[in-house]
Amino acid sequence: MLTKQDIFQTIIANKEAIKNFGVIEIGLFGSYVRNEQTNESDIDILVDFVKEKKTLMNYIDFCNLLESLFKNNKIDIVSKRGLSKFIGPHILKEVDYVKIG
Numbered sequence: 001m002l003t004k005q006d007i008f009q010t011i012i013a014n015k016e017a018i019k020n021f022g023v024i025e026i027g028l029f030g031s032y033v034r035n036e037q038t039n040e041s042d043i044d045i046l047v048d049f050v051k052e053k054k055t056l057m058n059y060i061d062f063c064n065l066l067e068s069l070f071k072n073n074k075i076d077i078v079s080k081r082g083l084s085k086f087i088g089p090h091i092l093k094e095v096d097y098v099k100i101g
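Here full-length UniProt numbering is used: position 83 in the sequence shown is 83, and no number is missing along the way.
Rendered as structure tokens:
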């Protein structure tokens, strides 16, 4: 079973490819941050892109990259801009960002 550290290491190992999508922030939230993950847990990713890369195709391609990196896990990717005013504050309180510099 994956750990938060495994996910961070994979993101860091692929940071150049991730940055090519215009990612300026990427973080993990949910069960992996709380150390409550199970074999069925999805990986919850919060991401923010530079303005020029905030396109549907770029988002889809970025999702495909993450799905290829974490083949055996379901991935939920949320844009920081797409957070609802109701659940967004809770996510932002627990998100653990990966430094991709």
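From the three backbone atoms N, C-alpha and C, an ideal C-beta is built for every residue, glycine too. Remember, it's a predicted structure, so these values are computed and weren't measured experimentally.
Handout entry: Burial state of V50, where buried means 16 or more other Cβ atoms lie within 10 Å
Key = exposed
Exercise for the section: Measure the alpha-carbon distance for D61 versus I18 and round it to whole angstroms. Expected result: Taking the CA atoms as reference points, D61 sits about 10 angstroms from I18.
Exercise for the section: State the beta-bridge partners of F29 as determined by DSSP. Expected result: D44
Handout entry: Own chain, CB closer than 8 angstroms to L65, minus 5 neighbours either side, in chain order
Key = N14, A17, I18 and F21
Problem - Any non-hydrogen atom of the ligand ADP within 7 angstroms of I26 CB - result: The ligand ADP is not part of the structure shown, which contains no ligands of any sort.
Problem - C-alpha distance - I91 paired with G82, whole-angstrom precision - result: 12 angstroms
Exercise for the section: Starting from the Cα of I75, find the closest Cα among V23, V47 and R34 and give me that residue. Expected result: For I75, the closest alpha carbon among the candidates V23, V47 and R34 is that of V47.
Exercise for the section: Can you grab the Cα-Cα spacing for the pair E94 / G30, in whole Å? Expected result: 8 angstroms
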